[in-house]
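Enquirer: In UniProt numbering, the protein residues as written are 1 to 425. Yeah, the Cβ is synthetic: ideal placement off N, Cα and C, and Gly gets one too. All values reported here derive from a predicted model rather than from experimental measurement.
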Amino acid sequence: MSNNDIIVSLDIGTSKVRAIIGEVNNGTFNIIGVGSADSEGIRKGAIVDIDQTVQSIRSAVDHAERMVGIEISEVYVGISGNHIGLQSSHGVVAVSNEDREIGEEDIERVLKAAEVVALPPDREIIDVVAKQYVVDGLEGIQDPRGMIGVRLEVEAIIITGAKTAIHNLLRCVEKSGLKIKDLVLMSLGAGQLALSKDEKTMGSVLVDIGAGSTTIAIFEGGTMVSTSTLPIGGEFVTNDIAYGLRTLTDQAEKVKLKYGCALMADAAPDVTFKVVRIGSNVEKEFTQEDLAAIVEPRVQEIFHLVREEVKRLGYSELPGGYILTGGTVSMPGVLQVAQGELAASVRIAVPDYIGVRDPGYTSGVGILHNVIRSIRMRGGSSANVSSAGNKKTVNRPKASPATNPETVQKPGFIERLKNIFSDFI
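1) Under three-state DSSP, which class holds L324?
2) Since residue 433 and V54 should fall inside the 8 Å C-beta cutoff, what is the C-beta to C-beta distance between them, to a whole number of angstroms?
3) To the nearest angstrom, how far is it from the Cα of K254 to the Cα of S88?
4) Can you round the beta-carbon distance between G327 and G234 to whole angstroms, since I take them to be within the 8 Å contact cut?
5) Which residue wins for smallest C-alpha separation from G149, given the options D143, V135, I141, D106?
6) With contact counted as at least three CB pairs below 8 Å, one residue from each stretch, are the segment 283-290 and the segment 350-363 in contact?
7) Do T325 and I302 count as a contact pair if the criterion is CB distance below 9 Å?
8) Classify K181 as buried or exposed, calling it buried when 16 or more other Cβ atoms lie within 10 Å of its own Cβ.
9) For E65, count neighbouring Cβ atoms within 10 angstroms of its own Cβ and tell me buried if that reaches 16, exposed if not.
10) Distance check for S213 and I232, CA to CA, integer angstroms please.
11) Taking just the CA atoms, how far does G137 sit from I12?
12) Which complete beta strand (DSSP E) runs does the segment 273-323 hold, if anything under 3 residues is left out?
13) Roughly how many angstroms separate the alpha carbons of A268 and V275, rounded to a whole number?
14) Candidates A130, V306, E98: which alpha carbon is nearest V110's?
15) Flag this pair as touching only if the segment 162-178 and the segment 60-79 have three or more C-beta atom pairs under 8 Å; answer yes or no.
16) If you draw a straight line from the alpha carbon of A165 to that of V92, how long is it in whole angstroms?
17) Tell me whether D250 is buried or exposed, calling it buried when 16 or more other Cβ atoms sit within 10 Å of its Cβ.
18) My understanding is that residue 445 touches I20, with C-beta atoms under 8 Å, so please give their C-beta distance in whole angstroms.
19) What span of residues does the alpha helix (DSSP H) with T362 cover, start to end?
20) Please check the pair L169 and I47, which I expect to be a contact at CB under 8 Å, by giving their CB distance rounded to whole angstroms.
21) Measure how close the beta-carbons of G22 and M67 come, nearest whole angstrom, since I'm counting them as under 8 Å.
22) Express the C-alpha separation of V295 and L257 in angstroms, rounding to a whole number.
23) Assuming K44 is part of the alpha helix (DSSP H), what are its boundary residues?
24) Does the separation of the CB atoms of residue 427 and I159 fall below 9 Å?
25) Tell me where the alpha helix (DSSP H) around L193 begins and ends.
26) Within a Cβ cutoff of 6 Å, which residues of the same chain sit near Q339, ignoring the five residues on either side of it in sequence?
27) Applying the 10 Å Cβ sphere with the 16-neighbour rule, what's the burial state of G27?
28) Taking the alpha-carbon positions, what's the P319 to G221 distance?
29) I'd like to know whether the C-beta atoms of G333 and A292 end up nearer to each other than 9 Å.
30) In the DSSP assignment, the alpha helix (DSSP H) including E153 goes from what residue to what residue?
31) Going by DSSP, what residues sit across from T214 in a beta bridge?
32) Pick from I141, K163, S96: whose alpha carbon is nearest that of D122?
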């Protein structure tokens with residue numbers, strides 16, 4: 001296994017932290033290792049305790065390292081939350097080559113030009129996504145490399161986030177002993193993985209229902225055009241079960257995972273389970289129907305809020321319908337409830353890779369998918385898995401001696417953020 005072929009994503013969620021190791025080998029991409037740990041220090045998708053989050057990250061990374069037998073030192077980190085914002089931008093440059101052939105350098109320059117926008121002092125640019133390029137007035141170009149032209153323009157979407165949220169995320173990952181290759185917006189990565197080309201072009205809604213929050217991403221014209229986060233998710237279903245059955249939250253979570261059903265009609269009256277009542281040692285028996293009577297109204301409410309939020313964002317009938325992902329949607333009956341509540345075509349997206357065939361892994365695998373896609377678009381080899389082609393990946397076999405951290409060049413992205421955060425640190 002070549003060291004240069006290994007890339008790692010980190011998905012820091014409310015209930016789980018997942019480290020996913022991907023291998024690019026002769027142009028094909030496979031998942032070779034997954035590490036998962038219970039998430040502590042995260043509430044509703046936001047970091048509320050640095051030390052607990054660091055411990056969770058270390059646990060997930062250790063788990064992944066033991067599975068594959070390599071030492072992870074660099075990761076691509078997913079970011080999400082209600083602080084994420086999108087805004088349109090336009091960049092224009094003159095083609096620099098004497099023969100007027102558009103090259104990689106011109107694309108980088110035009111994207112840099114698009115980054116020049118007025119931002120509030122508490123916000124920072126996470127990424128720039130090109131919607132289309134324009135060469136000498138010719139529109140609709142997705143990849144202008146190799147074309148001849150004088151003037152290169154780009155219509156782009158700038159993804160911004162709150163500086164404090166970005167700073168806290170970076171601090172947690174760095175305190176875990178890891179270097180950050182780049183930040184990737186999770187809904188963008190998940191959309192690239194889960195949505196077909198037609199769904200992204202005609203218009204569709206990606207709904208990622210996690211434990212603490214639900215992220216809505218609207219795709220149209222081939223790219224993400226709007227996003228929003230609702231502070232409601234699978235944890236709220238668990239809390240309802242705890243209240244309804246008068247039991248502890250951790251027991252309610254176990255019952256939800258084992259017997260949960262979001263549709264009363266599908267629940268079995270003869271499937272029973274016992275829970276210890278809170279404040280006593282007495283066990284009480286319930287049926288799956290009793291559980292479904294608690295779960296169904298809350299799941300209906302989540303999808304009702306999703307539909308209202310999509311309307312508020314200015315979208316009503318999108319031809320691609322709704323694509324569901326996230327750990328919560330793996331519960332039986334969720335798809336049928338969604339179809340009834342959203343009154344549109346609905347499907348559940350699952351990554352098509354061995355070991356991660358679960359909606360909960362879509363975001364983590366999507367981060368890797370997004371990284372590989374950008375490498376291929378730049379025409380780089382699988383070895384060039386950072387934004388600068390000359391930087392080496394140092395995810396290495398555990399048997400090899402540890403590389404001195406002084407010799408590993410830090411990514412410019414982190415240096416830039418550290419300069420911005422100098423007032424905070």
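Expert: This is what the structure gives:
1) strand
2) What is shown of the chain runs 1 to 425, which leaves residue 433 out entirely.
3) 44 Å
4) 6 Å
5) V135
6) no
7) no
8) buried
9) buried
10) 5 Å
11) 43 Å
12) 283-287
13) 18 Å
14) A130
15) yes
16) 31 Å
17) exposed
18) Given a span of 1 to 425 for the chain in the structure shown, any question on residue 445 remains unanswerable.
19) 362-377
20) 7 Å
21) That belief does not hold up - the Cβ atoms of G22 and M67 are roughly 13 Å apart, past 8 Å.
22) 12 Å
23) Segment: none, K44 is in no alpha helix (DSSP H) and carries neither H nor E.
24) Only positions 1 to 425 of the chain appear in the structure, and residue 427 is not among them; the question remains open.
25) 186-194
26) V346
27) exposed
28) 12 Å
29) yes
30) No alpha helix (DSSP H) holds E153; the beta strand (DSSP E) holding it covers 151-162.
31) I209, L230
32) K163
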